[in-house]
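Same order as they appear, the protein sequences are chains A and B. Residue numbering for the first sequence follows my numbering, beginning at 86 and increasing consecutively. Residue numbering for the second sequence follows my numbering, beginning at 86 and increasing consecutively. Yeah, the Cβ is synthetic: ideal placement off N, Cα and C, and Gly gets one too. Since the structure is predicted, the reported quantities are computational estimates derived from the model, not experimental observations. Structure, as C-alpha cells:
Number of protein chains: 2
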Amino acid sequence: MSEKPIYELTASEIVRRTTSGKITAEAMARACLDHIAEREPAVQAWHYIDPDLVIQQAQALDRGAAQGMLQGVPVGIKDIIDTADMPTEYGTPIHAGHRPHIDATCVALTRRAGGVVMGKTVSTEFANRHPGKTRHPMDPLRTPGGSSSGSGAAVGARMVPLALGTQTSGSTIRPAAYNGCFGYRPTWGDFRMVGVMEAAGSLDTLGLIARSVEDVALYRSVLLGQKTASPDPVATKPRRVGVCHTQFWEKTDEATKAAIESCAQAMSKGGAKVTDLKLPASFDAIDETHQRISSFEFARNRAWEINHHYAEISETLRENRIKQGLAYTFEEYRDARDHSEKLKLQMDDIFKDYDVILTPSAQGEAPLGLNATGAHDFSTIWTICHTPSMTLPLFSGPNKLPIGVQLVTRRDADRYLFEVSLWTCGLFGKA
Amino acid sequence: MSEKPIYELTASEIVRRTTSGKITAEAMARACLDHIAEREPAVQAWHYIDPDLVIQQAQALDRGAAQGMLQGVPVGIKDIIDTADMPTEYGTPIHAGHRPHIDATCVALTRRAGGVVMGKTVSTEFANRHPGKTRHPMDPLRTPGGSSSGSGAAVGARMVPLALGTQTSGSTIRPAAYNGCFGYRPTWGDFRMVGVMEAAGSLDTLGLIARSVEDVALYRSVLLGQKTASPDPVATKPRRVGVCHTQFWEKTDEATKAAIESCAQAMSKGGAKVTDLKLPASFDAIDETHQRISSFEFARNRAWEINHHYAEISETLRENRIKQGLAYTFEEYRDARDHSEKLKLQMDDIFKDYDVILTPSAQGEAPLGLNATGAHDFSTIWTICHTPSMTLPLFSGPNKLPIGVQLVTRRDADRYLFEVSLWTCGLFGKA
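Right, dumping it as C-alpha cells:
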C-alpha cells in the first residue's frame, strides 16, 4: 500500500512527525510549496506567497529547541489578517502594498506554536461579496465560495492542511463546504480579533478550515493561547438531534436536502433521537436583522476608505453594503442588535431540548460562475446567535462536487461540537 | 462683563460660531494652540502635537464648503487610536515611531464632521496601569488619572473642548472626574472600534471627555455616523433614582461620600424618588470577574509584543496583567465571561426598578503621586454590565480638586442618560 503524499498529511500527523524527528519543518514546507507550484496556476488560492520566506521560517523552526503544538505545520492566512513579514491588502487595491507593522494575535499565536505561515490566501474585497481571483480546485469555472475563498481552496486543493478564514455571515462554512473541507466557526468571542480586519464586529469570528476534526481541535487550542493542546476529542453520540430545515429550505438544492436526510437517518440509526426542529417565527426576519447589523457596522468601519478612496470601492460593495449601511439610522441598527440578542437567548433555550442541530452548510455544490461566491443565508441564523458550528465534508452532489452538512451546538460547547462531529463522521466511515 | 477666552468655548459654541462665520477654524485652532503652548510644560498632556499640521487641517476646513457637525472643533485623540497623519505609539516604546496607514473609524468620522485633530494625548502603557508623563493640571504632583490621562488633562486644562479616550475598567470616567470634566462611557458596542488598540474587547469602549453634556451628545452623533446631529438633550427628571454605594464604599473618601449624599439629597428635593440600591451578592466578586476577562484577553491581544518585545514591556504590566492573563485557562476565562453575561442581564432587571443609578466616579480627588493613576474599581461594575455612564463635575474635595458623581442608566438609554445628567447639573445651577 503506497503512503499518501506528504502534502496530504493532516496537521496532527505533521506534528507527530516533526516532533519525533521523522520529518523536518523544511521538508514539510517544501512538499507543500511543490504542490502549490503545481496547483496554483489553476486554483489561484494565494494572494501572496514567497517560497524563500517560507523556507526561512521552517529552517528557523528546525534550528530551534521548541516543539510547538503546530510544529512545522504549513498554514494559510486569509489576507484580511495582518502579517508583519508579508503584505496584507484586505482584498482591495486601496491597500495595495500595505505591510502591517505587527502580526495579528492569531498569527502571532500560530507562529509561537511552530506554525509556518505559507502566505496570504485570497479574500473577497474587504471580506465581502466582490470576489477575488480564486477558482474551485475541482472546476475552474466554479467559485470556491467566499469570503475566505483562498483559504477554502488552498485546503481543498491539499496545498496546506490548515487555513485561517473569518466569518460574518457564512464566509468560512460555505467555502469549507464547497471545497470538501471541515470548516469551523467558533463561539463568538472565543478567539481574539486583534489585527483581523473588522467587517462587522458584532458578528465576526475567525474561522478554521481543515481536513480533520482533530486538526480543528488542535488549532483551537493554539488560538485560545493555551500552553498545551487539549486532549483529542473523542467521538460522542448526541442524545437529541434537531434537524433544522430553516426558512431557506425551499431554495436548497435537492442534493443538499438528500444529504441532510441521509445524515439524519444515519444519526437516528446510530442511536440518537432525531426530530425536526422548527424555529420560532422570531427567526423569520433574520436576513433583515443580519443585513442591518452587518451593513451598519461595515459602512462605519470603512470610514477612512470612504473618506479617501470611495471610487476605488467596487460597485457591488458600494451599492449592496455601504449605501445601505450608511442609510440605516442608529435606531434601526440598535433595534436589530436588540433583536439579535433576543434570538441568541432564544437559541440558548432551544438547546435545552437539543444537543445538536443538523442543518445545511450551503445551498448545494459550488455554483458555476466566478462573479459571485454563493448564497450566504445558510449560516446567517447561527452567526447571529453566536453559536459554534462545523461543516462536515460527508457528501457530494450531481457534479461529484462536495456537499457539507452543518452541525451546530449551544454557545460555549465547542469541544462537544467536535466530539459529535467525530461521531457523525464515524457513521459514514470517515473518522 | 468680559467674554470668556476663545479656548474656553465648548464644542457646541464653537460650531455655532464657525458655521455662522463668526470665527474661522484656523482662529479657533490658533487660540487652542496658544493655550496649549502656555499650559503644556506643566501638564504634558500631549504625546504628539504638530502645530503646522493642525493649522493645515483648519485652513482646509475654512477653504471647504462643508459645514460639519464638529466644524472647526479641536479634538484630542488618545494615543492608542490610529491616525494616518500622526504617529500612534500606544503608550509604549515598543511602537515608537509607528505611523498607521489609515485613520481609526472614530478619527475618520471626526474629520468627516469637520473636527480638527489637534494631536495625540498621552495614554498609559497599552491603556493599562503604567503611567505616562502627564500631570494633573491643577497640581503637578498629582496624577490626572488614567488610562486616558492626556485626554482628561487636556480637556481639564482647557486645551481642547473634546477628547477621545477609551475605557476597559475606569479609564475614561476616572480621569474625567479627576480633571473636572464630563466623562461619558457609552453602551458597549455603540461606537465602532476599528483602529483603536484593543485592551480587552469584551469590555472596551471609546470614552468621551468634554466640558458639557451638550458636547457629549453632539460628539456621540458624529461617532455613530449619523448624517445630522440628534436634537440637543433636554433636562429630564428621573422618577426613580437608586443610590448605589457598591462594595467599594468603605474605601471611598469622605468627600466623595459627601458628594454622593449631597447629590442624592438634591435629586430628592428636585422631585425624584431616591432610594438606596444594594446590588445582589452576585456582584460581590466583580473584581475577580473583571480581572479574569481583562487579563486573559489583554495577554492574548499582545501576542506579537510578547513574542518579540517582552523585555520592553514594563514590569508593572508584565507582573500584574500579562503573567496572570497567560496563567488563566480558557475555562476560567469562559466562566468569568458567562458570569459577566449573567450580571448584565441582572442589571437589566435592576433597571426595571430604577431609571438611573447614582454612584461614585472615583475614590476621591486625584491622588498625590505620579507612579499610579488611581483606583479603577468604581467603574468596574458598570463596565462589566455594558451600561452607559456619565461623570458629572459637580463637587470638589478638601484640596479644592474636582470630585465627580457618576450616573448610570440601562443599556441603550444613552440619550436618556444625557437628559438626566442635564437635569442633575441643573439642580446645582450648572446647566
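(message) Tell me which residues of the stretch 303 to 323 of chain A have at least one Cβ-Cβ distance to chain B shorter than 7 Å, keeping chain order.
(response) Within the stretch 303 to 323 of chain A, the residues whose Cβ lies closer than 7 Å to some Cβ of chain B are Leu309, Gly310, Gln311, listed in chain order.
(request) Leaving out five residues on either side along the sequence, give the residues of the same chain with a beta carbon under 7 Å from the beta carbon of Leu106(B). (result) It is Gly, not Leu, that sits at residue 106(B) in the sequence shown. Closer than 7 Å at the Cβ level, and outside the excluded window around Gly106(B), lies no residue.
(request) Mind checking which residues open and close the alpha helix (DSSP H) that includes Met171(A)? (result) Careful: Met171(A) lies outside any alpha helix (DSSP H) and carries neither H nor E.
(message) Against chain A, with Cβ distances strictly below 8 Å, would Ala145(B) count as a contact?
(response) no
(request) Starting from Val279(A), find everything on chain B with Cβ-Cβ shorter than 7 Å and list it in chain order. (result) Glu283, Asn386
(request) With distances taken Cα to Cα, identify the nearest neighbour of Gly356(B) among Ala370(B), Arg324(B), Phe333(B). (result) Arg324(B)
(message) On a Cα-Cα basis, can you pick out the residue from Glu426(B), Asp300(B), Gly250(B), Arg148(B) that is closest to Leu155(B)?
(response) Asp300(B)
(message) Let me check understanding here. Comparing Cα to Cα, which of Pro487(A), Arg500(A), Thr476(A), Cys510(A) lies closest to Tyr269(A)?
(response) The candidate whose alpha carbon is nearest that of Tyr269(A) is Thr476(A).
(request) List the residues of chain A that Ser196(B) touches, going by C-beta distances under 8 Å, in chain order. (result) The displayed chain sequence assigns Arg, not Ser, to residue 196(B). Asn392, listed in chain order.
(request) Assign Thr509(B) to one of two classes, buried (16 or more other C-beta atoms within 10 Å of its C-beta) or exposed (fewer than that). (result) Note on Thr509(B): 16 or more other CB atoms within 10 angstroms of its CB, so buried under the neighbour-count rule.
(request) Assign Phe267(A) to buried or exposed, taking buried as 16 or more other Cβ atoms, counted over all protein chains shown, within 10 Å of its Cβ. (result) buried
(request) Might you give, ordered along the chain, the residues of its own chain that have their beta carbon closer than 6 Å to the beta carbon of Ala412(B), omitting 5 neighbours on each side? (result) Around Ala412(B): no qualifying Cβ.
(request) For His471(A), return the contacting residues in chain B, with the cut-off set at a CB-CB distance below 8 Å. (result) The premise fails here: His471(A) is roughly 11 Å from chain B at the closest Cβ pair, so nothing lies under 8 Å.
(request) Could you tell me which chain B residues have their CB closer than 7 Å to the CB of Gly176(A), listed as they occur along the chain? (result) Result: empty, since nearest Cβ-Cβ is about 15 Å, beyond 7 Å.
(request) Tell me whether Val319(B) is buried or exposed, calling it buried when 16 or more other Cβ atoms sit within 10 Å of its Cβ. (result) exposed
(message) Quick check on the burial criterion: 16 or more other C-beta atoms within 10 angstroms. Buried or exposed for Ser297(A)?
(response) Taking all protein chains shown into account, Ser297(A) has 16 or more neighbouring C-beta atoms within 10 Å of its C-beta and is therefore buried.
(request) Keeping to the same chain, check which residues put their C-beta closer than 8 Å to that of Gly144(A); ignore five residues upstream and five downstream. (result) Per the sequence shown, residue 144(A) should be read as Gln rather than Gly. Ala110, Glu111.
(message) Do Asp438(A) and Arg495(A) count as a contact pair if the criterion is CB distance below 8 Å?
(response) no
(message) Using 8 Å as the cut-off, can you tell me whether the stretch 271 to 288 of chain B makes contact with the stretch 305 to 316 of chain B, which would need three or more C-beta pairs spanning the two stretches below that distance?
(response) yes
(request) Could you confirm whether any beta carbon from chain B is found closer than 8 Å to the beta carbon of Ala396(A)? (result) no
(message) Using DSSP's beta-bridge definition, name the partner residues of Tyr413(B).
(response) For Tyr413(B), which the question treats as bridged, DSSP gives no partner whatsoever.
(message) Give me, in chain order, the residues of the same chain whose beta-carbon lies closer than 6 Å to that of Met86(B); leave out the 5 immediate sequence neighbours on both sides.
(response) With a pLDDT of only 46 at Met86(B), under the threshold of 50, the placement of this residue in the model should not be trusted, and no figure is reported.
(message) Just list the residues that DSSP pairs Lys358(B) with in beta bridges.
(response) Arg325(B)
(message) So for Thr341(B), helix, strand or coil by DSSP?
(response) helix
(request) At 8 Å on the CB atoms, spell out the chain B contacts of Arg422(A), in chain order. (result) Gly274
(request) Identify whether Leu288(B) lies in helix, strand or coil by the three-state DSSP scheme. (result) In the structure shown, Leu288(B) sits in coil (DSSP, three-state: anything other than H, G, I, E or B).
(message) Within 8 Å, do at least three Cβ pairs link the stretch 328 to 339 of chain A to the stretch 440 to 448 of chain A?
(response) yes
(request) List the residues of chain B whose Cβ lies closer than 7 Å to the Cβ of Ile187(A), in chain order. (result) Those are Trp389, listed as they occur along chain B.
(message) I'd like to check one pair, Ser464(B) with Ile258(B): are the Cβ atoms closer than 8 Å?
(response) Against a cut-off of 8 Å, the Cβ pair of Ser464(B) and Ile258(B) comes out as a contact.
(request) Count the CB pairs spanning the stretch 200 to 214 of chain A and the stretch 245 to 253 of chain A that are closer than 8 Å, and state whether there are at least three. (result) yes
(message) Taking only three categories from DSSP, how would you classify Asp224(A)?
(response) strand
(message) Rounded to whole angstroms, what is the Cα-Cα separation between Glu426(B) and Tyr501(A)?
(response) 21 Å
(request) Could you say which of Pro216(A), Thr195(A), Ser399(A), Ile91(A) lies nearest to Arg385(B) if we only look at CA atoms? (result) Thr195(A)
(request) Tell whether a beta-carbon distance below 8 Å holds between Glu382(A) and Ser315(A). (result) No. Outside cutoff.
(request) Can you grab the Cα-Cα spacing for the pair Met223(A) / His120(A), in whole Å? (result) 15 Å
(request) List the residues of chain A whose Cβ lies closer than 7 Å to the Cβ of Ala193(B), in chain order. (result) Ala388, Trp389, Asn392
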